[in-house]
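Colleague:
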Amino acid sequence: MSSRRVSLLIALALVVGALSSPAPRAETPPDPPFRDPELPIERRIDDLIGRLTLDEKVSLMVERGSPIPRLGIPAFPWWNEALHGVARAGRATVFPQAIGLAATWDPALMQRVATAISDEARAMHNDAARRGKRHLYQGLVFWSPNINIVRDPRWGRGHETYGEDPFLTGVMGAAFVKGMQGDDARLLKTVATAKHFAVHSGPEPLRHRFDAEITDADLWDTYLPAFRTLVVDAQAASVMCAYNAVSGLPACGSPELLDTILRSHWGFRGYVVSDCGAVQDIYLEHRVRKTAAEGAAMALRAGTDLECGSGSWAAGSPDAFASLTDAVAQGLVREADIDQALRRLLHAQFRLGVYDPPARVPWSGYTREAIVNSPAHRALALEAARKSIVLLKNDGAALPLRRGLGTIAVIGPNAAATEVLKGNYSGTAIDPVSVLDGIRAAAGSATRVVHVEGGPLAAGVRRLRPVPASALFNGSGSARTPGLRGSYYDGFFEGAPLFTRVDPEVRFDWADGAPDPRLDDD
């Protein structure tokens, strides 16, 4: 056989072999360093910041943090509530209002309550995330506790707080923070937010432009001690700055409050979030700056890292921080200033395990079915309620009522209502019991319990009552049919409705889901 023929046969064999061999597999690109839980957090943050454009950075610094699909970063809702139970996210265990928890004088109990709340928060977040939902009130950062000092009950929001004593407020607030954030050495179970920093307790109608002028002694002896306790002792990961001004400067634009006191004196390493609309107040209400870019720059340079703006909850009203890109172009701030604020925000996200595999997050297996309103949590809520009761006077040992009374009269407009049991920033209780129902259950069938409203809640205020189904009709004359015709929209009332239907009655509780499967249950 000639050498030429041998060469041809070898070449043919090589071609056939190449055609019959499987094509080499494309290698899966490795995860970027910010996804590696083995790396130090600061290195992961550096890597992520280095991958972001300026517009993307700014989009992460508002309450509804935008998703960045090209990096696999999901939306991140910074606004969630849990003052005395997970709030506004469906049914959950509801504990006594904050002022009631303070009345227990029991920080160990407070920490147990907050631990139960954070357990339910993780379970509810897991449930939402499994369904691809990362919207308002479905996250892991909670804007509680409210540790403002109450001096004037006309503020109207004192029940959200722990009262008028700075020491009690600090002790109870610290216990709440510890229960919310957990004791894992590496990760935070949730983020707790001490609010509203500082000197914020009325007058409520003037909160967006009020200037709290106080002495240095009052500032340091009354209004700051609880914040210091939560930041230094409990290591709160977040602080919310207030609407009002303090001695001439808006709180969210005050270098003295946010930089000198909070970060320099107390060593705070977390992030600062504005109350909703407080950055806009800098130029719209306090009027210490003229434009959105100037107001946003003032807040950022003072130490506000995250904005909850009116655009977070109102249609057509953009966040002030959206103008930070303009502020950079105008030389009002540097991109390095934005990086510094974003670094603080990302540090909280990394400590929550947002960019870690679920197997590395201790609470990723928590489920709504197993955790929310569990028997243990129901028992804890009852214990807290009993310990929160304060009896101011008991002349003649009138209480407790003796058994065997023939008749008990329950008088008052709130006796039969359950909504008054909630308090502000409340979750939706699963089995609420009114005062009237509780008395009837305790009295037993042998005792007659009579209820009358007695009077209105206040002069000119009447309790709203549901319209009965018998009063609902659409059409007229012979074409009149029972029920109420309703048009249902997706979000705000814009464009055509998703659908229109007639409901025999309107009795929807969104805590149990949407009224119709065509609607988003958020």
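Using the working numbering, you'd call the opening residue of the sequence shown number 936 and step up by one each time. The beta-carbon is built from N, C-alpha and C at its ideal position, and this holds for glycine as well.
1) Can you check whether the CB of Leu1259 is closer than 8 Å to the CB of Asp1287?
2) How big is the Cα-Cα spacing for Leu1392 and Lys1357?
3) Are Arg1295 and Asp1062 closer than 8 Å when you measure CB to CB?
4) Restricting to runs no shorter than 3 residues, where is the beta strand (DSSP E) found entirely within the stretch 1111-1136?
5) If you reduce the DSSP assignment to three classes, tell me which class Arg1163 lands in.
6) Can you say whether Gly1445 is buried or exposed, counting buried as having 16 or more other CB atoms within 10 angstroms of its CB?
7) Tyr1423 by DSSP, collapsed to three states: which one?
8) Helix, strand or coil for Arg1436? Go by DSSP, reduced to three states.
9) Is the beta carbon of Gly1362 closer than 8 Å to that of Gly1020?
10) With respect to the beta strand (DSSP E) encompassing Val1384, which residues constitute its N-terminal and C-terminal limits?
11) Where does Ala1250 sit, in a helix, a strand or coil, going by DSSP?
12) Quick one: what does DSSP say Asp1457 is sitting in, helix, strand or coil?
13) Does the Cβ of Gly1389 have 16 or more other Cβ atoms within 10 Å, making it buried, or fewer, making it exposed?
14) In three-state DSSP terms, what is Arg1175?
15) May I have the straight-line CA-CA distance separating Pro1012 from Asp1216, to the nearest angstrom?
16) Relative to the alpha-carbon of Asp1054, which residue among Ser1299, Pro972 and Ile1003 has its alpha-carbon at the smallest distance?
17) Taking the beta strand (DSSP E) that Val1207 falls in, what are its first and last residues?
18) Which one or two residues does DSSP pair with Asn1081 in a beta bridge?
19) Cα-Cα, which of Glu1139, Pro1348 and Asp1151 is closest to Ser1182?
20) Quick one: measure Cβ to Cβ for Pro1031 and Ala1320, integer angstroms, because I've assumed they're closer than 8 Å.
21) Between the stretch 1338-1352 and the stretch 1315-1329, can you find at least three pairs of beta-carbon atoms closer than 8 Å?
22) Just to confirm the assignment, what range does the alpha helix (DSSP H) spanning Val1345 have?
23) If distances are taken between C-alpha atoms only, which option among Phe1443, Asp1100 and Leu1075 comes closest to Thr1157?
Modeller: In this structure, then:
1) Note that residue 1287 is Leu in the sequence shown here, rather than Asp. In this structure, Leu1259 does not lie closer than 8 Å to Leu1287 by Cβ.
2) So the alpha carbons of these two residues sit roughly 16 Å apart.
3) With contacts defined as CB atoms closer than 8 Å, Arg1295 and Asp1062 fail to qualify as a contacting pair.
4) Runs of the beta strand (DSSP E) lying entirely within the stretch 1111-1136 and spanning at least 3 residues, in chain order: 1126-1132.
5) Judged by DSSP in its simplified three-state form, Arg1163 adopts helix.
6) It should be pointed out that residue 1445 corresponds to Trp in this sequence rather than to Gly. Exposed, since its Cβ has fewer than 16 Cβ neighbours within 10 Å.
7) It is a strand residue.
8) Arg1436 falls in the strand class under three-state DSSP.
9) Contact: yes.
10) Val1384: member of the beta strand (DSSP E) spanning Arg1383 to Val1387, first to last residue.
11) The predicted model places Ala1250 with a pLDDT of 47, which falls under 50 and marks its position as unreliable; any figure quoted below should be read in that light. DSSP places Ala1250 in coil when its eight states are reduced to three.
12) Correct three-state label for Asp1457: coil.
13) Exposed, since its Cβ has fewer than 16 Cβ neighbours within 10 Å.
14) Note on identity: in this sequence residue 1175 is Met, with Arg being the wrong assignment. Strand, per DSSP.
15) If I take the Cα positions, the gap works out to 22 Å.
16) It is Ser1299 whose Cα lies nearest to the Cα of Asp1054.
17) Annotation: the continuous beta strand (DSSP E) that includes Val1207 extends over Tyr1206 to Ser1209.
18) According to DSSP, which records beta bridges pairwise, Asn1081 is partnered with Lys1130.
19) The residue with the shortest Cα to Cα distance from Ser1182 is Asp1151.
20) Going by Cβ atoms, the distance from Pro1031 to Ala1320 rounds to 5 Å, so yes, they are a contact pair.
21) Short answer: they don't touch.
22) It is not in any alpha helix (DSSP H) - Val1345 instead sits in the beta strand (DSSP E) that spans Thr1342 to Ile1346.
23) The alpha carbon of Thr1157 has as its nearest neighbour, out of Phe1443, Asp1100 and Leu1075, the alpha carbon of Asp1100.
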